[in-house]
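In the numbering used here, the protein residues as written are 8 to 239.
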Amino acid sequence: MIKYAANAFLAIKISYINEVANLCDEIGADVHVVAKTLGTDGRISPKFLHPGPGFGGSCFPKDTKALVEIAKKYNIDMATVTAAIETNIFQRKRMLNKLNDLLDNDLKGKIIAVLGLAFKQETDDVRESPAIEIITGIHDKGGIIKAYDPIANDSMKEIFPALDFKSSWYEAVEGSDAAVIMTEWNEFRSMDLEKLKNLMSQPVVLDTRNILNVSELKRLEFKFDNVGHRVA
């Protein structure tokens, strides 16, 4: 019970900051400023206040669902946890919609580099990874996918054996119509954006982890989107 309750609480926190980020998108605010300020409040703390494509992995999705199901047996409505699960599903769909908008609602025949396959950095675990939904969505819309992760390529091959896996981000983005950052790996944080632009067929980037420098993206005239952090 303690593990379920703890993980559900953290999942709620993630879904909450994602909803705040979505609002920031619409009103022109910066979710990083909001999250940083919230995190200074000792009652809240800055941990798990990082907007993105939604939570994944082996624990949060499983434990939130388990807590809801256990509660149902005792006629308890875990409405807040259920809402966090629903927001997580919505957030993944929102990322695909953002990509679709960047490419003028036409992914058919477009080459998309998906950078990051693990559900978070420093692991090869792709269970419930948001990258699964983005890959599936791109494929369903007729897009051509080139995928790269520093250590999770083999794990994702078990789910998508026919996917075109690359051995570096350079290979993945070369000739691509758009790049989508799905995992916050340090090598993506430090990527040379000018080199990225020169390798791509057009400079279009969806940064679902808010790890790229917005001012630099604007200076280099990228067409880009992220999660509530478009303000330089």
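Just so you know, even glycine gets a beta-carbon here, dropped at the ideal spot from N, CA and C.
**Prompt:** Where does Phe229 fall in DSSP's three states?
**Reply:** Residue state, collapsed to three classes: coil.
**Asked** Short check: CB of Met102 to CB of Pro137, under 9 Å?
**Response** Yes, Cβ-Cβ distance for Met102 and Pro137 is below 9 Å.
**Message:** Tell me whether the segment 157-165 and the segment 226-234 touch, counting them as touching only if at least three CB pairs, one residue from each stretch, are closer than 8 Å.
**Reply:** Too few Cβ pairs lie closer than 8 Å, so no.
**Prompt:** Going straight from the alpha carbon of Val212 to that of Phe55, what length do you get?
**Reply:** The alpha-carbon separation between Val212 and Phe55 amounts to approximately 24 Å.
**Counted within 10 angstroms of its Cβ, other Cβ atoms place Asp199 as buried (16 or more) or exposed** = Looking at its Cβ environment, which holds fewer than 16 other Cβ atoms inside 10 Å, Asp199 is exposed.
**Message:** Which same chain residues end up closer than 6 Å to Ile51 when comparing Cβ atoms and leaving out the 5 residues on each side of it in sequence?
**Reply:** Only Leu45 meet the Cβ criterion.
**Item:** Secondary structure of Leu122, DSSP reduced to three states
**Value:** Looking at Leu122 - three-state DSSP - the assignment turns out to be strand.
**Asked** Among residues of its own chain, excluding the 5 on either side of Ala73, which ones have a beta-carbon nearer than 7 Å to its beta-carbon?
**Response** Same-chain partners within the cutoff: Tyr11.
**Prompt:** Of the choices Pro58, Val221, Gly144, whose alpha-carbon is the least far from that of Ala42?
**Reply:** Among Pro58, Val221, Gly144, the Cα nearest to that of Ala42 is on Pro58.
**Asked** Around the C-beta of Asp108, are 16 or more other C-beta atoms found within 10 angstroms, so that it is buried, or is it exposed?
**Response** Asp108 should be labelled exposed.
**Item:** Rounded straight-line distance, which links the Cα of Leu122 to that of Ser174
**Value:** Using only the alpha carbons, I get a separation of about 11 Å.
**Item:** Own chain residues within Cβ distance below 6 Å of Ser208, not counting five before or after
**Value:** Here the set comprises Gly182, Asp184.
**Request:** Give every residue of the same chain whose Cβ lies closer than 6 Å to the Cβ of Ser22, excluding the five residues on either side of it in the sequence, and list them in chain order.
**Result:** Within the same chain, Ser22 has close Cβ partners Ala91, Thr94, Asn95.
**Request:** Using beta-carbon positions only, say whether Ile119 and Ile145 come within less than 9 Å of one another.
**Result:** In this structure, Ile145 lies closer than 9 Å to Ile119 by Cβ.
**Asked** If you draw a straight line from the C-alpha of Thr47 to the C-alpha of Ile24, how long is it?
**Response** Cα to Cα, Thr47 sits roughly 15 Å from Ile24.
**Message:** Report the CB separation of Val38 from Val234 in whole angstroms; it is logged as a contact under 8 Å.
**Reply:** About 7 Å separates the Cβ atoms of Val38 and Val234, confirming a contact at the 8 Å cut-off.
**Message:** Does Lys117 come out as helix, strand or coil in the three-state DSSP assignment?
**Reply:** Three-state DSSP puts Lys117 in coil, outside helix and strand.
**Prompt:** For Arg99, is the classification buried or exposed, using 16 other Cβ atoms within 10 angstroms of its Cβ as the cut-off for buried?
**Reply:** Taking a 10 Å sphere around the C-beta of Arg99, we find 16 or more other C-beta atoms and assign the residue as buried.
**Request:** With distances taken Cα to Cα, identify the nearest neighbour of Leu114 among Gly150, Arg216, Ile34.
**Result:** Distances from the CA of Leu114 to each of Gly150, Arg216, Ile34 were compared; the closest alpha carbon is that of Gly150.
**Message:** Quick check on Ile141: does DSSP put it in helix, strand or coil?
**Reply:** Here DSSP, grouped into helix, strand and coil, assigns Ile141 to helix.
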